[in-house]
Amino acid sequence: MSHIFENLAAPTVFEVTDFESIFNELLNEVYKAVPNYKPVESDPYHLILEAFAYRELYLKNDFNQRLKGLLLPYASDTNLDNIATHYGVERLTGEDDDAFRIRIVRSLDSHPTAGSRESYEYHAYSVHSSIDDVHAYSPAIGEITVVIASYEEGGLADDIKAQVESVLSDEKVRPITDKVTVREVKEKPISIHVKVSCPLQYRSQVEAEIRAKMNKNQTIGKTLSIFQLVRLFSVDEVTNVSLKAPTTETVCAPDERIVITDIQIDWEDA
């Protein structure tokens with residue numbers, strides 16, 4: 210869901226300008242009033258024009274930042290809370306801005322008729338801020354399985370799972386013909402063996418960056434392709450990547466989440 214914000218172009222309402230452009234505009238206004246005026250940097254009027262130009266630049270940038278705070282992709286803190294009221298959504302205790310922003314967008318899926326996959330997922334997400342991923346699917350007609358993942362230490366708490374079951378059993382959420390089962394995700398561990406070309410002085414930094422992000426994009430039911438694995442190692446200072454294992458994509462069941470438990474790196478000079 211977060212991908213809808215990743216490649217979003219900046220709104221044209223933002224005014225992009227610079228000091229020189231503003232200063233020249235002010236100078237042109239002076240020329241209109243005093244055609245024979247010849248600007249000299251030591252001239253006090255020149256200094257006043259510069260001060261006005263810097264002030265206008267500051268105000269325009271300040272306006273852009275304030276305007277940004279009123280737009281869903283960029284808003285944070287209480288600005289985001291206020292935007293959420295238009296969607297009828299409130300921030301959960303402990304919920305950060307990014308998770309809240311995605312849930313605001315997901316709230317649109319709760320409005321259609323009950324029983325859609327997106328509706329089940331939204332209502333499950335809205336139970337508690339410790340829920341990091343949700344995947345709903347139908348293994349058979351009239352049966353719905355909702356898989357939940359919490360990446361906090363200890364995994365999904367029993368009381369949170371019970372709350373999800375209660376919410377999804379509400380007649381406003383679940384059609385009477387649906388039988389809903391809530392499960393905690395099953396982890397599918399894999400190890401990676403890879404040869405990486407990188408200058409010696411950057412290896413510690415590169416390895417730390419790779420390990421920090423190795424499981425960030427692994428969601429429930431998502432197959433991990435060879436291309437995605439290679440991209441994991443495509444960071445600054447890496448010049449070549451040769452994957453030794455796994456040699457084929459790792460297929461994930463709808464109630465599983467792939468977890469990279471170990472990375473073995475064979476380094477070679479770039």
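Residue numbers (my numbering): 210 to 479. All C-beta atoms in this analysis are idealised placements derived from N, C-alpha and C, irrespective of residue type, glycine included.
Task: Cβ distance (whole Å) where residue 415 is taken to contact residue 328 below 8 Å - done: 42 Å between Cβ atoms; not a contact.
Task: Rounded separation between residue 219 and residue 386 - CA only - done: 45 Å
Open item on the list: Can you tell me where the beta strand (DSSP E) holding residue 473 begins and where it ends?
Closed with: 465-477
Task: Own chain partners of residue 411 with C-beta closer than 7 Å, once the 5 adjacent residues on each side are dropped - done: 446
Task: Counted within 10 angstroms of its Cβ, other Cβ atoms place residue 392 as buried (16 or more) or exposed - done: exposed
Open item on the list: Quick check: what's the CA-CA separation for residue 476 versus residue 407?
Closed with: 7 Å
TODO: Mind checking which residues open and close the alpha helix (DSSP H) that includes residue 354?
DONE: Premise fails: residue 354 lies in the beta strand (DSSP E), 352-358, not in any alpha helix (DSSP H).
Task: Coil, strand or helix - residue 398 by DSSP - done: strand
- [ ] Tell me whether residue 349 is buried or exposed, calling it buried when 16 or more other Cβ atoms sit within 10 Å of its Cβ.
- [x] exposed
Open item on the list: Considering only the alpha carbon of each residue, which of 331, 418 and 248 lies closest to residue 310?
Closed with: 331
TODO: Count the C-beta pairs between the stretch 463-473 and the stretch 426-433 that are closer than 8 Å, then say yes if the count reaches three, no if not.
DONE: yes
Open item on the list: Assess contact between the stretch 214-229 and the stretch 265-275, defined as three or more Cβ pairs (one per stretch) separated by less than 8 Å. Is contact present?
Closed with: yes
TODO: Determine the closest residue to residue 389 out of 238, 417 and 347, with distance taken between C-alpha atoms.
DONE: 347
TODO: Could you say which of 374, 365 and 449 lies nearest to residue 353 if we only look at CA atoms?
DONE: 374
- [ ] Would you mind stating whether residue 359 and residue 341 have Cβ atoms separated by less than 8 Å?
- [x] yes
Open item on the list: Once the 5 residues before and after residue 303 are set aside, which same chain residues still bring their CB inside 8 Å of it?
Closed with: 338 and 339
Task: residue 395 versus residue 356 - alpha carbon distance - done: 9 Å
- [ ] Would you mind working out which of 455, 441 and 456 sits nearest residue 449, comparing C-alpha positions?
- [x] 441
TODO: State the start and end residues of the unbroken alpha helix (DSSP H) segment that holds residue 348.
DONE: From DSSP, residue 348 is part of no alpha helix (DSSP H) but of the beta strand (DSSP E) over 342-349.
Task: Residue interval of the beta strand (DSSP E) (run including residue 389) - done: 388-393
Task: Distance between residue 282 and residue 215 (C-alpha atoms, nearest Å) - done: 9 Å
Open item on the list: For a test of the three-state rule: what should DSSP assign to residue 405, helix, strand or coil?
Closed with: strand
Open item on the list: What ranges does the alpha helix (DSSP H) occupy inside the stretch 224-269, keeping only unbroken runs of at least 4 residues that lie completely in it?
Closed with: 228-242
TODO: Return the chain-ordered list of same chain residues with a C-beta closer than 7 Å to the C-beta of residue 439, the five sequence neighbours on each side being excluded.
DONE: 450 and 452
Open item on the list: Which complete beta strand (DSSP E) runs does the stretch 429-462 hold, if anything under 3 residues is left out?
Closed with: 449-454
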